[in-house]
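Worksheet: the structure to be examined is printed underneath.
In UniProt numbering, the protein residues as written are 1 to 311.
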């Protein structure tokens, strides 16, 4: 049987102030801080990981917060909307919470037969809460203020905005194993049956829209999920064989990755389930300490001195 992508693994975005970002996603949205580490390529910048109790694939949202970063702008060639699944009947709770915390949001609407509530994080990153057609049975992380009955379950899907969708769609269908499901105007929905959650990619086609500009409040890349390194390298060979410029396997401590830019301009990553987030902290202590990639441990004092205070 041909190997398929198992939905989304994680999504990575860019933020401005680190403490503002950390507080919003843990205190307002109620996600768990899984890891507080640094950018592999820029150790003076944090890399925050948020998700469910153990950082299950399909729940992981990560950020590179750059103090004083310019605000980016969404546009073509970018992922423009992150959708989280939430339980039926939870919108009243979230609207009240957004009002309390001065979160910008729109009134609920509907697409593809699913109700959704759009809102912005403090940097202007666009997110949605979606009540799925099919009940999402994933166990959410809950806090004192955001209980399981209303909490986010993990990703529902992500939207990519493109000037032309055709070549991107072929990546999804011919390489990743997704199938076209339905269309609404210029929005095209693709799903994979390899998993039943975090399995939706919407392609929005805007031929005359300007390209997105990276910066705070924009998505950096989206990562698709595979089980292990064997599956990862199967995709490497398949993608390289089609002439795409794909990286070698990269060790990201908590998973192994490949990167390539799909024809529409979005940076795609493929990431493994292994080894996971429990390799360097006890499960009950995830996110409690600053963890550095091994190559930076000798520079800990220097790095800690330049990172902004978030505690």
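Quick reminder that beta carbons are idealized off the backbone N, C-alpha and C, glycines included. All values reported here derive from a predicted model rather than from experimental measurement.
Three-state secondary structure assigned by DSSP to residue i
i, result
"residue 241", "helix"
"residue 254", "coil"
"residue 296", "helix"
"residue 161", "strand"
"residue 307", "coil"
"residue 313", "Missing from the structure shown is residue 313; the chain here goes from 1 to 311 and no further."
"residue 280", "coil"
"residue 66", "coil"
"residue 45", "strand"
"residue 53", "coil"
"residue 260", "strand"
"residue 31", "coil"
"residue 180", "strand"
"residue 15", "strand"
Span of the beta strand (DSSP E) around residue i
i, result
"residue 81", "78-85"
"residue 18", "Segment 18-23 is the alpha helix (DSSP H) holding residue 18; no beta strand (DSSP E) there."
"residue 188", "187-191"
"residue 115", "114-120"
"residue 2", "No beta strand (DSSP E) contains residue 2, which DSSP labels as neither H nor E."
"residue 110", "109-111"
"residue 288", "Residue 288 -> no beta strand (DSSP E), and no H or E assigned at all."
"residue 272", "267-275"
"residue 88", "Counting along the chain, residue 88 falls outside any beta strand (DSSP E), and DSSP gives it neither H nor E."
"residue 204", "200-205"
Same chain, Cβ closer than 6 Å to residue i, neighbours up to 5 away in sequence not counted
i, result
"residue 118", "106, 128"
"residue 235", "270"
"residue 55", "34, 277"
"residue 247", "258, 259"
"residue 142", "148, 151"
"residue 178", "172, 190, 192"
"residue 225", "6, 7, 9, 57"
"residue 61", "11, 50"
"residue 122", "20, 24"
Residue-chain proximity (residue i, chain C), Cβ-Cβ < 8 Å
i, result
"residue 53", "The structure shown has no chain C; it contains just one protein chain."
Range of the contiguous alpha helix (DSSP H) that encloses residue i
i, result
"residue 131", "Premise fails: residue 131 lies in the beta strand (DSSP E), 126-131, not in any alpha helix (DSSP H)."
"residue 98", "91-100"
"residue 170", "166-170"
Residues near residue i in its chain [Cβ-Cβ closer than 8 Å; skip 5 each side]
i, result
"residue 168", "160, 162, 203, 262, 263, 264, 266"
"residue 207", "163, 164"
"residue 218", "13, 14, 72, 73, 74, 78, 125, 212"
"residue 209", "75, 76, 161, 163"
"residue 115", "91, 108, 109, 130, 131"
"residue 220", "12, 13, 14, 64, 214, 267"
When the options are compared against residue i, the one with the closest alpha-carbon
i, options, result
"residue 165", "186, 278, 39", "186"
"residue 93", "238, 61, 108", "108"
"residue 99", "81, 89, 120", "120"
"residue 222", "188, 28, 59, 304", "59"
"residue 40", "296, 306, 305, 309", "296"
"residue 97", "51, 27, 139, 116", "27"
"residue 282", "44, 11, 43, 53", "53"
"residue 3", "252, 311, 275, 229", "229"
"residue 175", "242, 113, 184", "242"
"residue 138", "101, 145, 197", "197"
"residue 285", "36, 140, 16, 87", "36"
"residue 43", "66, 22, 25", "66"
"residue 299", "17, 38, 95, 24", "38"
"residue 201", "145, 81, 46", "81"
The ligand GDP heavy atom lying under 7 Å from the CB of residue i
i, result
"residue 232", "Of the ligands one can find in the structure shown there are none, so the ligand GDP has no counterpart to examine."
CB-CB length for residue i against residue j, believed under 8 Å
i, j, result
"residue 256", "residue 291", "Between residue 291 and residue 256 the Cβ distance is about 18 Å, and since that is not below 8 Å, they are no contact."
"residue 68", "residue 199", "With 8 Å as the limit, residue 68 and residue 199 do not qualify as a contact, their Cβ atoms being about 37 Å apart."
"residue 83", "residue 157", "5 Å"
"residue 154", "residue 85", "6 Å"
"residue 310", "residue 19", "5 Å"
"residue 50", "residue 32", "7 Å"
7 Å CB neighbourhood of residue i in its chain, flanking five on each side removed
i, result
"residue 280", "291"
"residue 244", "260"
"residue 182", "112, 189"
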